[in-house]
Amino acid sequence: MKAALAAIVGADNVLDAAPDLAPYREDYCEADPVDPSLVVLATKTEEVQAIVRLCAERQTPITPRVAGSNVGGLALPAPGGLVLDLTRMNRIVSVDEADMYAVIEPGVTQADLKRHLVEHDIPLTFGFSLAPPDTSVLANCLLGGLTNRSLKYGDQSQWVSGLEVVLSDGSLVRTGSWALSDSAFGLVPFPDVSGLFLGWQATTGITTRMAFQLWPRHPLNKRLFVLTYSAHGTFEAVRRLCRTELCDDIGGLSWPSAKMMMGVKHPYPEPASGEPTFFLYVDLTAGSEAEMSLKERTLEQTLADVRHLGERIEEPLDVATLLRVNPALGAFAEFPVELEFLTNHGGGGLTWIGTYGPLSRFEDGIAAGTEIMVRHGFPPLIVTRPMRGGHYGVLRFVAIFDKKDAAEIERVKKLNLELLEMVTAKGFVMYKTPPWAWEKLRGRIDPGLLALMERTKRMLDPLGIMNPGKLGY
Amino acid sequence: MPDRSTAREPHADEPSVGADRALARRPAEPLAARAAELVILHEPERMNLLGLLMRGLLAANLEEPALRARALGLRASIHVRAGDMHVTLRFAEDGVHISAGAEASNARVSGDMKALLGVVTGAGMIGPVLRGRVRIGGNPFLLLRVLPLIRARAHASLPPAKEPS
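Chains as they are written, first to last, in the working numbering: chain A, 438 to 910; chain B, 2 to 166.
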């Protein structure tokens, strides 16, 4: 196998020494490490096709990977399987400024694309997840991840306007307008088969190029922080702000996040007396000072209306002011961001139960999740965001842990299991669903959907070599 | 009428200017290395957000020799309240101790979060006090001496103040 792969990509691009394989055997989360047999680094679509054909011939499982920062073990190989490292496929193939989309390869990171847009003075932007700057934009789109433009435009899979995918027999398919037109303007009007690859965790094909929508970058931007003192006040304000349709983003973080950002590794699980329980960060953009002023006034009026209900909410604080007070808060000054308190805290472990669900149930979910986290001895680190105009939202319970501490890993597993049960019972659906969670949910998912997925999977991957172990396959 | 609150350090209402100057003449490097250590947070796991913000401000300011000397020359306690969060800053020989809650103090300052942040970022104290958004009590001269220690400085390491993205 090694020699055959070397014939495709060159011997230097096939790794089999233990130290070289080590970074591929785990990610941030609590999933057990898995040793790949080989790692192969591809640089172009033709190589990916040849590698997939070879894997099909040898019936070798293949798992694509870029940064591996999905926090769900989704890029961990099947035992003895092959990891296809796509970091070197990092070309920004094109940016169509007029029609506002970009065509990129899997290895293009958040930082790469931002740099490209800035350096070429292109007045467009995209959305940034809270994952590190080296995170793959394409992977976040395929997995339906969220960004700081998700309030306006939904999860990132909804921005995809065309895919180029290597199927399990090595053949290539293009979806969307791209199938006929030289412009990847959208997924309409042909039957849209992009859904065969979005949310499928690379179990149906390996995406080698993606067209996706960019958005106008307005000359004026402001990020404002709003401190709140109750979950109800927080999300009543969020729901009302969504309906103003004036905000680009409304992120909500529970109180431990600010403390951890300012250097407290393990905050006591209960908030201190009198301190805010949530921090909203609200992004406003505008084309003129008058527009910005109107948006700020509307924000302030909306918050005042919620105060009149008896809720306590502080006045908005400009991020620049907070930065002057404490540079540690600079993590939220500009995206993409390396949230060191999550990814570089010494213990190395980061896990979450991340869900999409109805905004109307957030208070209930937060109360139950907080109780569970505190009972398990974790500070209730909660990340929220309304999505797509407020039609739904993300509710995420985050925990950091020491990967070297077996007892703590077990504690984290119990925590996540209980959180999963709770959120599912309340109508939330876990995204980037890790294999363990899929197994727990399988019995509750509509059997018709499962059967259709099974048939789809068999059609697209009859040998079962594409990222096995995910979504129950 | 000054508040007659009892200081934890009984001799400490007014700092000695002489002590400030003596400390300022010390070699800067060893002290600079110690700046962050000179801010002592009591029970950091339970510390409120206000205390953590204060720690950041003080640690940054104590890198400046003159401000460090001023802080180490003070023997006094200040109670700061933002909304319902309370901290007490106690200036002692070994540094500035921050503890959550309202302890006996020589001076007090309180207000809503936005108004207090305005004060520490340079908006000045008098205007907010006159408008009633910031309230002070106790020894006003002590507050004037402490204010530079909790005033935000320009941080060279900050990202440029441009739009978030």
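Don't be surprised by glycine CBs; every beta carbon is placed ideally from N, CA and C.
8 Å contact criterion, which residue i and residue j should meet: CB distance rounded
i: Cys466 (chain A); j: Gly510 (chain A); result: 6 Å
i: Asn585 (chain A); j: Gly564 (chain A); result: 5 Å
i: Lys869 (chain A); j: Leu580 (chain A); result: 5 Å
i: Val508 (chain A); j: Thr788 (chain A); result: 6 Å
i: Phe799 (chain A); j: Gly830 (chain A); result: 6 Å
i: Val762 (chain A); j: Leu118 (chain B); result: 6 Å
i: Gly133 (chain B); j: Ile99 (chain B); result: Not quite, the Cβ-Cβ distance comes to about 27 Å (not below 8 Å), so this is no contact.
Residue i versus residue j: straight-line alpha-carbon distance, rounded
i: Asp720 (chain A); j: Cys684 (chain A); result: 6 Å
i: Ile488 (chain A); j: Ser573 (chain A); result: 21 Å
i: Ala36 (chain B); j: Leu635 (chain A); result: 51 Å
i: Glu712 (chain A); j: Val701 (chain A); result: 15 Å
i: Glu483 (chain A); j: Ala804 (chain A); result: 51 Å
i: Ile837 (chain A); j: Leu145 (chain B); result: 42 Å
i: Ile846 (chain A); j: Ala888 (chain A); result: 34 Å
i: Val110 (chain B); j: Val81 (chain B); result: 5 Å
i: Lys840 (chain A); j: Val849 (chain A); result: 10 Å
i: Leu521 (chain A); j: Leu604 (chain A); result: 14 Å
i: Arg680 (chain A); j: Gly112 (chain B); result: 32 Å
i: Leu523 (chain A); j: Ala448 (chain A); result: 16 Å
i: Gly582 (chain A); j: Asn140 (chain B); result: 54 Å
i: Glu94 (chain B); j: Ala77 (chain B); result: 10 Å
i: Leu852 (chain A); j: Glu808 (chain A); result: 11 Å
i: Thr714 (chain A); j: Leu50 (chain B); result: 10 Å
i: Arg881 (chain A); j: Leu857 (chain A); result: 13 Å
i: Met867 (chain A); j: Leu588 (chain A); result: 18 Å
i: Asn658 (chain A); j: Val532 (chain A); result: 23 Å
i: Leu150 (chain B); j: Met55 (chain B); result: 10 Å
i: Arg879 (chain A); j: Leu442 (chain A); result: 36 Å
9 Å Cβ cutoff, residue i in contact with chain A
i: Arg56 (chain B); result: yes
i: Met126 (chain B); result: no
i: His43 (chain B); result: no
i: Arg47 (chain B); result: yes
i: Leu68 (chain B); result: no
i: Ala153 (chain B); result: yes
i: Val1 (chain B); result: Residue coverage of chain B in this structure runs from 2 to 166, which leaves residue 1 (chain B) outside it and unanswerable.
i: Asp113 (chain B); result: yes
i: Gly102 (chain B); result: yes
i: Ala23 (chain B); result: With a pLDDT of 36 at Ala23 (chain B), under the threshold of 50, the predicted position of this residue should be treated as unreliable, though the coordinate-derived value follows. Cβ-Cβ to chain A under 9 Å: no for Ala23 (chain B).
i: Leu50 (chain B); result: yes
i: Gly19 (chain B); result: At Gly19 (chain B), the pLDDT of 35 sits below 50, so the modelled position is not reliable and the matter cannot be decided from this model.
i: Leu118 (chain B); result: yes
i: Leu53 (chain B); result: yes
i: Ala77 (chain B); result: no
i: Ala36 (chain B); result: no
i: Ala61 (chain B); result: yes
Short CB-CB distance (under 9 Å) between residue i and chain B
i: Arg761 (chain A); result: yes
i: His703 (chain A); result: yes
i: Gly700 (chain A); result: yes
i: Pro713 (chain A); result: yes
i: Ala709 (chain A); result: yes
i: Lys732 (chain A); result: no
i: Trp983 (chain A); result: Residue numbering for chain A in the displayed model covers 438 to 910; residue 983 (chain A) lies beyond these limits and cannot be assessed.
i: Lys439 (chain A); result: no
i: Ala695 (chain A); result: yes
Bridge partners - residue i, DSSP secondary structure assignment
i: Trp652 (chain A); result: A:Thr562
i: Tyr793 (chain A); result: A:Val831, A:Val866
i: Pro823 (chain A); result: A:Gly830
i: Gly138 (chain B); result: B:Arg109
i: Phe769 (chain A); result: None; Phe769 (chain A) has no bridge partner.
i: Asp533 (chain A); result: A:Tyr538
i: Lys659 (chain A); result: A:Leu721
Residue i Cβ short of 8 Å to the ligand FMN heavy atom set
i: Leu609 (chain A); result: In terms of ligand content, the structure shown is empty, and the ligand FMN therefore cannot be addressed.
Discussion item. So if I threshold CB-CB distances at 9 Å, which residues from the segment 568-589 of chain A count as touching chain B?
Written reply: Answer in chain order: Asn585.
Worksheet item: Name the residues in the segment 751-776 of chain A whose C-beta lies less than 7 Å from a C-beta of chain B; which are they?
Response: If the cut-off is 7 Å between Cβ atoms, the segment 751-776 of chain A has Glu751, Glu752, Leu754, Val756, Ala757, Thr758, Leu760, Arg761, Val762, Asn763, Pro764, Ala765, Gly767, Ala770, Glu771, Phe772 near chain B.
Discussion item. Give me the subset of the segment 654-680 of chain A whose CB atoms are less than 8 Å from a CB atom of chain B, sorted by chain position.
Written reply: For the segment 654-680 of chain A, which is checked against every Cβ of chain B, the residues closer than 8 Å are Arg654, Leu657, Asn658, Lys659, Arg660, Leu664.
Worksheet item: Which residues, in order along the segment 79-93 of chain B, keep a beta-carbon less than 8 Å from a beta-carbon of chain A?
Response: Result list: Gly84, Asp85, Met86, His87.
Worksheet entry | Residues of the segment 839-870 of chain A with Cβ closer than 8 Å to any Cβ of chain B, in chain order | Residues passing the 8 Å Cβ filter: none.
Worksheet item: Can you list, in chain order, the residues of the segment 874-898 of chain A whose Cβ is nearer than 9 Å to any Cβ on chain B?
Response: Flagged: no residues at all.
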